[in-house]
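Undergrad: One structure, pasted below without further comment.
Chains as they are written, first to last, in our numbering: chain E, 491 to 691; chain S, 491 to 691.
Take a look at the structure:
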């Protein structure tokens with residue numbers, strides 16, 4: 491007994507929960523015990539929601555975002571323009587962009603950022619699919635909306651280089667001080683970017 | 491579309507994940523998208539682990555800790571003494587106590603702490619079951635190992651009062667400076683408790 495008195499099915503549940511991002515062993519254990527404490531229906535609902543989501547949702551064959559339709563709503567919406575393509579690293583980023591209500595083009599999800607340190611090269615991302623979409627001639631501008639970190643910047647400049655010969659305008663989302671931000675508390679790199687990206691009024 | 495482009499099954503999964511303790515809406519969404527991104531087997535394993543745990547594990551009818559046996563291993567272990575009973579708030583606390591390898595008695599899980607603010611009175615806890623166990627005469631000492639917070643202290647002193655007429659020795663786990671701790675960084679309440687609980691060398 492003693493410290494290895496672990497009950498097998500609690501152990502298994504903890505292990506599975508600990509595979510989720512940002513969930514350490516201790517948190518996983520807390521969650522496992524919570525799942526055992528709640529009404530059985532709640533636990534079943536959670537398990538069913540996981541299975542149902544995996545059953546119904548798949549990546550859209552065009553943009554790569556998740557959808558429960560054959561082609562996602564954003565790709566099949568006739569009111570959106572095909573001329574502008576917004577490239578994001580992650581399917582979740584599409585949600586963030588949509589929340590702005592300012593973008594009315596199409597999306598392209600890369601499924602990650604270039605990260606040679608982690609063995610993620612161009613082949614692991616949906617870059618070829620992006621080039622194919624751009625070769626049709628309908629796309630006039632590609633907005634590179636990868637994250638403003640080292641990997642996101644590298645990915646953006648890598649893609650920009652590939653798109654240049656195709657004659658597609660390539661743009662990068664602006665870096666600067668966030669709205670509600672404060673000069674005093676803004677790091678110097680962001681501030682330098684804000685200065686560099688200044689606009690004439 | 492726009493910000494409410496949410497896909498129903500992702501939405502449902504996010505809602506279920508957000509019901510877990512310490513998981514906010516944003517984290518739940520991140521986890522949901524992770525579950526959609528991983529190999530289908532991994533998602534199924536998680537769902538199965540939840541269902542299996544709920545199927546196999548139940549509270550031990552004696553101590554209230556979780557078990558996959560009829561009576562838990564700790565309650566049925568003949569090498570442990572029935573004379574000492576360790577009272578904890580949560581089933582997880584049994585694991586923590588067992589890790590010390592210093593306690594060889596039995597456990598009693600209360601399933602919470604007294605918290606009048608949250609409507610948790612003595613009736614909601616396994617206090618009556620504790621009194622029944624103590625009335626048999628085999629229990630000589632009850633160690634109150636509830637958390638050293640307001641609710642845990644209140645629970646401990648409430649139970650101590652109930653046990654007094656039964657002639658059972660009642661003890662409380664010691665409060666003080668944790669091992670590896672530092673006087674300078676110890677809060678004054680803990681330091682006062684450490685002083686109060688000093689031992690003659």
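Just so you know, even glycine gets a beta-carbon here, dropped at the ideal spot from N, CA and C.
Note that the coordinates shown come from a computational prediction; the quantities given were computed from them, not determined experimentally.
Are the beta-carbon atoms of residue 579 (chain E) and residue 605 (chain E) separated by less than 8 Å?
TA: No. Outside cutoff.
Undergrad: Where do the ends of the beta strand (DSSP E) carrying residue 582 (chain E) lie?
TA: Counting along the chain, residue 582 (chain E) falls outside any beta strand (DSSP E), though it belongs to the alpha helix (DSSP H) covering 581-590.
Undergrad: List the residues of chain E whose Cβ lies closer than 8 Å to the Cβ of residue 654 (chain S), in chain order.
TA: Neighbours of residue 654 (chain S) on chain E: none; closest Cβ ~31 Å, over 8 Å.
Undergrad: Using a Cβ cut-off of 8 Å (strictly closer), state whether residue 571 (chain S) contacts chain B.
TA: Of the chains in the structure shown, none is chain B; the protein chains are E and S.
Undergrad: Can you round the beta-carbon distance between residue 521 (chain E) and residue 507 (chain E) to whole angstroms, since I take them to be within the 8 Å contact cut?
TA: About 5 Å separates the two Cβ atoms, so the contact holds.
Undergrad: For residue 558 (chain S), go through chain E and note every residue whose CB falls closer than 9 Å to its CB, in chain order.
TA: The contacting residues are 497, 498, 499 and 500.
Undergrad: Does DSSP put residue 507 (chain E) in a helix, in a strand, or in coil?
TA: Reduced to three states, the DSSP call for residue 507 (chain E) is helix.
Undergrad: Determine which residues share a DSSP beta bridge with residue 575 (chain S) and list them.
TA: Residue 575 (chain S) pairs with S:596 and S:632.
Undergrad: Apply the 10 Å Cβ neighbour rule to residue 697 (chain S) and answer buried if 16 or more other Cβ atoms are within range, or exposed otherwise.
TA: Since the first residue of chain S shown is 491 and the last is 691, residue 697 (chain S) is not available in this structure.
Undergrad: Assign residue 591 (chain S) to buried or exposed, taking buried as 16 or more other Cβ atoms, counted over all protein chains shown, within 10 Å of its Cβ.
TA: Per the 10 Å Cβ criterion, exposed.
Undergrad: May I ask you to verify whether the segment 565-577 of chain E touches the segment 552-564 of chain S, counting CB pairs closer than 8 Å and requiring at least 3?
TA: Touching, no, given that fewer than three Cβ pairs across the two stretches are closer than 8 Å.
Undergrad: So which residues of chain S does residue 597 (chain E) contact, with C-beta pairs closer than 7 Å?
TA: Correct list: empty, because the minimum Cβ distance to chain S is about 11 Å.
Undergrad: Is there a C-beta anywhere in chain E that falls below 8 Å from the one on residue 514 (chain S)?
TA: Not an interface residue.
Undergrad: Give the range of the beta strand (DSSP E) segment to which residue 661 (chain E) is assigned.
TA: Looking at the DSSP string, the run of the beta strand (DSSP E) that includes residue 661 (chain E) is 659-662.
Undergrad: Using a Cβ-Cβ distance cut-off of 8 Å, determine whether residue 511 (chain S) contacts chain E.
TA: Answer yes: the Cβ-Cβ gap between residue 511 (chain S) and chain E drops below 8 Å somewhere.
Undergrad: I'd like to confirm the pairing. Which residues does DSSP put opposite residue 557 (chain E) in its beta bridges?
TA: In DSSP, residue 557 (chain E) forms a bridge with E:548.
Undergrad: Quick one: residues in its chain with C-beta nearer than 7 Å to the C-beta of residue 628 (chain S), no 5 flanking neighbours on either side, listed in chain order?
TA: Here the set comprises 572 and 573.
Undergrad: Around the C-beta of residue 584 (chain E), are 16 or more other C-beta atoms found within 10 angstroms, so that it is buried, or is it exposed?
TA: Looking at its Cβ environment, which holds 16 or more other Cβ atoms inside 10 Å, residue 584 (chain E) is buried.
Undergrad: Does any CB atom of chain S fall closer than 8 Å to the CB of residue 665 (chain E)?
TA: No, its Cβ sits nowhere closer than 8 Å to a Cβ of chain S.
Undergrad: Can you find a C-beta in chain E that's less than 8 Å from the C-beta of residue 518 (chain S)?
TA: No, no contact with chain E.
Undergrad: In whole angstroms, what is the alpha-carbon distance linking residue 597 (chain S) and residue 607 (chain S)?
TA: Computed Cα separation, rounded: 27 Å.
Undergrad: Just by C-beta distance, which residues in the segment 533-554 of chain E are closer than 9 Å to chain S?
TA: Result list: 533, 534, 535, 536, 537, 538, 539, 540, 541, 542, 543, 544, 545, 546, 547, 548 and 549.
Undergrad: Name, going along the chain, the residues of the segment 574-585 of chain S whose beta-carbon falls closer than 9 Å to a beta-carbon of chain E.
TA: Result list: 580, 581, 582, 584 and 585.
Undergrad: What does DSSP give as the partner residues of residue 610 (chain S) in its beta bridges?
TA: Answer by DSSP bridge pairing, in chain order: S:605.
Undergrad: For residue 616 (chain S), which residues from the same chain have a beta carbon less than 8 Å from its beta carbon, with the 5 sequence-adjacent residues on both sides left out?
TA: Taken in chain order, the residues that qualify are 554, 598, 599, 600 and 601.
Undergrad: Ends of the alpha helix (DSSP H) at residue 650 (chain E)?
TA: Start and end: 640-653.
Undergrad: Who are the near neighbours of residue 503 (chain E) in its chain, counting only those whose CB is closer than 6 Å to its CB and skipping five residues on each side?
TA: Once the five neighbours on either side are set aside, the close Cβ partners of residue 503 (chain E) are 522.
Undergrad: For a cutoff of 8 Å on Cβ pairs, would you count residue 615 (chain S) as touching chain E?
TA: No, residue 615 (chain S) lies away from the interface with chain E (no Cβ there is under 8 Å from its Cβ).
Undergrad: Can you name the residues of chain S whose CB is closer than 8 Å to the CB of residue 432 (chain E)?
TA: One cannot answer for residue 432 (chain E) here, as it falls past the ends of chain E, which runs 491 to 691.
Undergrad: Less than 8 Å between the beta carbons of residue 543 (chain S) and residue 500 (chain E), yes or no?
TA: Yes, they are a contact pair.
Undergrad: Starting from residue 570 (chain S), follow the alpha helix (DSSP H) in both directions and report where the run begins and ends.
TA: Per DSSP, residue 570 (chain S) belongs to no alpha helix (DSSP H) and is neither H nor E.
Undergrad: Indicate whether at least one CB of chain S lies closer than 8 Å to the CB of residue 506 (chain E).
TA: Closer than 8 Å to some Cβ of chain S, the Cβ of residue 506 (chain E) qualifies, so yes.
Undergrad: Quick check: is the beta carbon of residue 526 (chain S) nearer than 8 Å to any beta carbon in chain E?
TA: Answer yes: the Cβ-Cβ gap between residue 526 (chain S) and chain E drops below 8 Å somewhere.
Undergrad: Measure from the C-beta of residue 630 (chain E) to each C-beta in chain S and report whether the shortest distance is under 8 Å.
TA: Chain S, which has no Cβ nearer than 8 Å to the Cβ of residue 630 (chain E), makes this no.
Undergrad: Can you tell which of S:656, S:577, S:683 and S:653 has the C-alpha that lies nearest to the C-alpha of residue 667 (chain S)?
TA: The shortest Cα separation from residue 667 (chain S) among S:656, S:577, S:683 and S:653 belongs to S:683.
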